[in-house]
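Colleague:
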Ligand SMILES: Cc1cc2nc3c(=O)[nH]c(=O)nc-3n(C[C@H](O)[C@H](O)[C@H](O)COP(=O)(O)OP(=O)(O)OC[C@H]3O[C@@H](n4cnc5c(N)ncnc54)[C@H](O)[C@@H]3O)c2cc1C
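Residue numbers (this note's numbering): 4 to 371.
In structure tokens:
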């Protein structure tokens with residue numbers, strides 16, 4: 004095991020590590036690894052990506068903040084500080100000998116004590132997504148004197164409903180991404196960190212750097228986490244062999260390409276059980292695709308199938324008749340209570356499926 008020099012409670016430094024060292028680092032109590040070496044500095048040096056992969060396997064955070072020995076810059080220091088704020092601590096930083104990491108930690112003020120002055124707000128909002136920002140703006144519009152903090156680690160905000168339009172070829176994906184700083188209401192305080200715990204008995208939110216923030220009212224809106232692993236074969240299939248999802252910024256353009264290039268055959272659209280980010284998104288993707296195929300005159304040669312795990316086409320009954328008009332217009336085969344359970348994308352088929360409801364339905368689903 005390499006020699007670790009502990010700088011303080013939050014950070015230790017050491018010389019170059021190998022993927023085989025990562026397990027021992029986790030057992031030492033480190034929760035993240037930070038690499039300060041550019042790849043390829045010397046022969047046989049393990050790439051940062053190799054260490055990152057192993058770190059992920061054992062549940063450690065990872066960041067790569069490469070810096071050139073003897074030429075450390077302000078930008079390096081800023082990147083180091085941001086990475087240290089973002090990563091779960093304690094963090095083990097490494098370079099060739101450990102001294103570059105120690106210098107960068109110093110430049111990033113990582114030697115400062117963990118204790119920070121307590122910050123108190125009338126309202127703390129965890130999550131600066133659409134809900135967090137809209138809620139803060141709405142409250143501040145009604146009362147400018149309320150103190151509000153938004154806890155959000157990401158620099159970028161994604162307008163996710165726009166991904167439907169990216170998949171439909173209407174928006175470029177970049178249009179749906181904005182700097183978070185532009186969207187946080189001016190009177191709100193942005194705390195650029197992730198929340199790691201709630202302590203309701205003390206009205207506190209614990210942040211990733213170990214500090215905490217206090218509130219009178221807490222609003223938690225960290226969004227939904229996608230669980231691609233729930234469907235065997237899905238993660239490795241996404242973005243290839245005709246498998247796509249509008250639920251991801253990088254994949255929505257692939258939806259557009261697939262729809263544009265499709266000339267005929269079977270198109271499967273699926274909707275899993277709740278909770279999902281948007282109950283309408285799978286159907287919107289389907290109707291917009293059908294519209295394009297209809298306009299191109301190829302719809303008749305396409306077997307469009309909708310498989311939803313739900314027992315009804317849409318949860319709000321008033322919308323169902325209008326949606327059924329489109330189902331009829333596009334000749335869509337509706338399969339209620341049908342759930343995608345696995346994908347074999349090389350064979351372009353689900354290897355198996357099971358019905359979740361009593362109705363009969365097609366048993367093949369590959370896209371959402
Ligand atoms: C393809 C698609 C189409 C959609 N279409 C529509 C539509 O037409 N109409 C509609 O109303 N809705 C639609 N939606 C749903 C809508 O996008 C979501 O309901 C909305 O984004 C939810 O906002 P949110 O703020 O709760 O979550 P998000 O926008 O996901 O934001 C959550 C935020 O919390 C942050 N966060 C996570 N964990 C932490 C933590 N520990 N500490 C601090 N911050 C954290 C994240 O970084 C993120 O910025 C669609 C969604 C998709 C994917």
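No residue lacks a Cβ here, since even glycine has one placed at the ideal position from N, Cα and C.
List, from N- to C-terminal side, the beta strand (DSSP E) runs of 3 residues or more that fit wholly inside the region 72–110.
Modeller: You should have 94–97.
Colleague: With a threshold of 16 other CB atoms inside 10 Å of the CB of residue 178, please say whether the residue is buried or exposed.
Modeller: Exposed, because fewer than 16 other Cβ atoms sit within 10 Å of the Cβ of residue 178.
Colleague: If you measure between the beta carbons of residue 107 and residue 14, is that distance less than 8 Å?
Modeller: Not closer than 8 Å, so no.
Colleague: Does the Cβ of residue 250 lie closer than 7 Å to at least one heavy atom of ligand 1?
Modeller: Result yes, Cβ under 7 Å from ligand 1.
Colleague: Using only the alpha-carbon positions, how far apart do residue 200 and residue 221 sit?
Modeller: Distance between the alpha carbons of residue 200 and residue 221: 13 Å.
Colleague: From residue 198 to residue 16, what does the alpha carbon distance come to, in whole angstroms?
Modeller: Each residue's alpha carbon lies about 25 Å from the other.
Colleague: By how many angstroms is the C-alpha of residue 60 removed from the C-alpha of residue 51?
Modeller: One C-alpha to the other measures close to 14 Å.
Colleague: So the alpha helix (DSSP H) residue 297 belongs to, where does it begin and stop?
Modeller: Looking at the DSSP string, the run of the alpha helix (DSSP H) that includes residue 297 is 284–299.
Colleague: DSSP on residue 114, reduced to helix/strand/coil?
Modeller: The predicted model places residue 114 with a pLDDT of 49, which falls under 50 and marks its position as unreliable, so this point remains unresolved.
Colleague: On the DSSP bridge list, what partners appear for residue 64?
Modeller: According to DSSP, which records beta bridges pairwise, residue 64 is partnered with 35.
Colleague: Tell me whether residue 15 sits in a helix, a strand or coil according to DSSP, three-state version.
Modeller: Three-state DSSP puts residue 15 in a strand.
Colleague: With a threshold of 7 Å, establish whether the CB of residue 197 neighbours any heavy atom of ligand 1.
Modeller: Answer for residue 197: yes, Cβ within range of ligand 1.
Colleague: Taking 7 Å as the cut-off, is the C-beta of residue 140 nearer than that to any heavy atom in ligand 1?
Modeller: No.
Colleague: When you compare the CB positions of residue 64 and residue 90, do they come within less than 8 Å of one another, or not?
Modeller: Yes, they are a contact pair.
Colleague: When you compare the CB positions of residue 18 and residue 39, do they come within less than 8 Å of one another, or not?
Modeller: Not closer than 8 Å, so no.
Colleague: Would you identify the three-state DSSP class for residue 264, choosing helix, strand or coil?
Modeller: Correct three-state label for residue 264: helix.
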